[in-house]
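Student:
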Amino acid sequence: PQPLAFLEVGTSAGLCLMPDLYSYDYGRTVLRTPVTASEPPVFRCSASETTPLPTAPPHVVWRAGLDLSPIDVSNPSQVAWLETLVWPEQTARLANLRAALMIAATVKPRVVKGDLRGSDLVRLCSEAPKDTTLVVFHTAVLDYVSDPADREAFAEQVMRLSPYWVSNEFPRVFPSIATRAGKSWPPGRFLLSVNGSPVAWTDPHGASLEWIADEA
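Using the working numbering, read the sequence shown as starting at 1 and increasing by one per residue.
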């Protein structure tokens, strides 16, 4: 239920904390954000026919991110480093990144330096407004937590702290979830799960989504 409180683990510059300020082209439908101060990026995603697509942006009233080494969008050298992570031929991705950075410079999503393991996450979750639905999410982050036991402990903690946990990671990161997504894993794809249940195979950069929730 909305309104929503978003908390991203491994947030970097906090750009994924602002999905309500971006536009999305799913091929068969386009979801446009309300007018913002700067031109919003348009993210193109090829979604399978069974994918339930949103009809309106989420109503986000609180947003915060946690990262060991956050990126400061007001620091030109840090922004330049972030841009170098985009492959040279991916001009559309770079344009979207720059558009998102412009929005972040205005919105200034809160990004906190801290560790996803332990009290930092607990403290930040506790700050979410009581009249909101807290959603904790992450993409390509838990792969950097080398100990599988630490990953499982994180998952258990998030499920205690938040009614919704959205994970978008390589299947090997949470094998207990991946085993319920079928015997064959599409190469090079992430597994999107909600509260530990697999719902879709995704492109690591969001270019495609194959819904499997009804099959898993």
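A virtual CB, placed ideally from N, CA and C, is assigned to each residue, including glycine.
If you're wondering where the values come from, they're calculated on a predicted model, not measured in any experiment.
Suppose you measure from the CA of Gln-2 to the CA of Pro-54; what does that come to, to the nearest Å?
Tutor: Position 2 of the sequence shown, counted from the start, is the residue given in the question as residue 2. Position 54 of the sequence shown, counted from the start, is the residue given in the question as residue 54. Distance between the alpha carbons of Gln-2 and Pro-54: 14 Å.
Student: Using beta-carbon positions only, say whether Ala-178 and Ile-212 come within less than 8 Å of one another.
Tutor: If you number the sequence shown from 1, residue 178 lands on position 178. If you number the sequence shown from 1, residue 212 lands on position 212. No, the Cβ-Cβ distance between Ala-178 and Ile-212 is not below 8 Å.
Student: Straight-line CA distance for Lys-113 to Glu-8?
Tutor: Locating residue 113 in the sequence shown gives position 113, where the first residue counts as 1. Locating residue 8 in the sequence shown gives position 8, where the first residue counts as 1. Approximately 12 Å, taken between the alpha carbons.
Student: Please report how far the alpha carbon of Ser-38 lies from the alpha carbon of Ile-103, in whole angstroms.
Tutor: In the sequence shown, the residue the question calls residue 38 occupies position 38. In the sequence shown, the residue the question calls residue 103 occupies position 103. Between Ser-38 and Ile-103, the C-alpha separation is close to 6 Å.
Student: Would you kindly report the start and end of the unbroken beta strand (DSSP E) that includes Trp-211?
Tutor: Mapped onto the sequence shown, residue 211 falls at position 211. Unbroken beta strand (DSSP E) run through Trp-211: 208-211.
Student: If you compare alpha carbons, which of Phe-170, Ala-13, Val-61 and Val-199 is closest to Ser-77?
Tutor: In the sequence shown, counting from the first residue as 1, residue 77 sits at position 77. Among Phe-170, Ala-13, Val-61 and Val-199, the Cα nearest to that of Ser-77 is on Ala-13.
Student: Have a look at Glu-169, Asp-203 and Leu-66 and flag the residue whose alpha-carbon is nearest the alpha-carbon of Ser-193.
Tutor: Looking up residue 193 in the sequence shown gives position 193. Of the candidates Glu-169, Asp-203 and Leu-66, the one whose C-alpha sits nearest the C-alpha of Ser-193 is Glu-169.
Student: Would you check if there are 3 or more beta carbon pairs closer than 8 Å linking the stretch 197-214 to the stretch 41-56?
Tutor: Output reads yes: the stretch 41-56 touches the stretch 197-214.
Student: Could you work out which residue in Leu-15, Trp-62 and Arg-63 is closest to Pro-240 when comparing CA atoms only?
Tutor: In the structure as shown, the chain starts at 1 and stops at 216, and residue 240 therefore has no counterpart that could be examined.
Student: DSSP three-state call for Asn-96: helix, strand or coil?
Tutor: Translated into positions along the sequence shown, residue 96 becomes position 96. Asn-96 falls in the helix class under three-state DSSP.
Student: Determine the contact status of Val-166 and Phe-154, defining contact as a CB-CB distance below 8 Å.
Tutor: Here residue 166 refers to the residue found at position 166 when the sequence shown is read from its first residue. Here residue 154 refers to the residue found at position 154 when the sequence shown is read from its first residue. Against a cut-off of 8 Å, the Cβ pair of Phe-154 and Val-166 comes out as no contact.
Student: If the criterion is Cβ atoms closer than 8 Å, does the pair Val-122 and Leu-161 meet it?
Tutor: Within the sequence shown, residue 122 is the residue found at index 122, counting from 1. Within the sequence shown, residue 161 is the residue found at index 161, counting from 1. Yes.
Student: Give a yes or no on contact between the stretch 19-34 and the stretch 75-89, applying the rule of three or more CB pairs nearer than 8 Å.
Tutor: As far as the Cβ criterion goes, the stretch 19-34 does not touch the stretch 75-89, which means the pair count is below three.
Student: Using a Cβ-Cβ cut-off of 6 Å (strictly less than) and excluding sequence neighbours within five positions of Leu-94, which residues of its own chain qualify?
Tutor: In the sequence shown, the residue the question calls residue 94 occupies position 94. Once the five neighbours on either side are set aside, the close Cβ partners of Leu-94 are Val-86.
Student: By the DSSP assignment, the alpha helix (DSSP H) with Phe-154 in it spans what residues?
Tutor: Position 154 of the sequence shown holds residue 154. Note, Phe-154: alpha helix (DSSP H), 148-161.
Student: By DSSP, does Pro-34 sit in helix, in strand, or in coil?
Tutor: Residue numbering aside, residue 34 sits at position 34 when the sequence shown is read from its first letter. Reduced to three states, the DSSP call for Pro-34 is coil.
Student: Which of helix, strand or coil does DSSP assign to Val-107?
Tutor: If you number the sequence shown from 1, residue 107 lands on position 107. Looking at Val-107 - three-state DSSP - the assignment turns out to be helix.
Student: Who are the near neighbours of Ile-71 in its chain, counting only those whose CB is closer than 6 Å to its CB and skipping five residues on each side?
Tutor: Working through the sequence shown from its first residue, we reach residue 71 at position 71. Once the five neighbours on either side are set aside, the close Cβ partners of Ile-71 are Ser-12, Ala-13, Gln-78 and Leu-82.
Student: Terminal residues of the continuous beta strand (DSSP E) containing Glu-8?
Tutor: Your numbering for residue 8 matches position 8 in the sequence shown. Unbroken beta strand (DSSP E) run through Glu-8: 4-9.
Student: Taking the alpha-carbon of Thr-202 as reference, which of Asp-214, Arg-28, Trp-185 and Asn-195 has the nearest alpha-carbon?
Tutor: By one-based count along the sequence shown, residue 202 stands at place 202. Closest option to Thr-202, Cα to Cα, is Trp-185.
Student: Of all the CB atoms in chain B, is at least one closer than 8 Å to the CB of Gln-78?
Tutor: Here chain B cannot be found, since the structure has a single protein chain.
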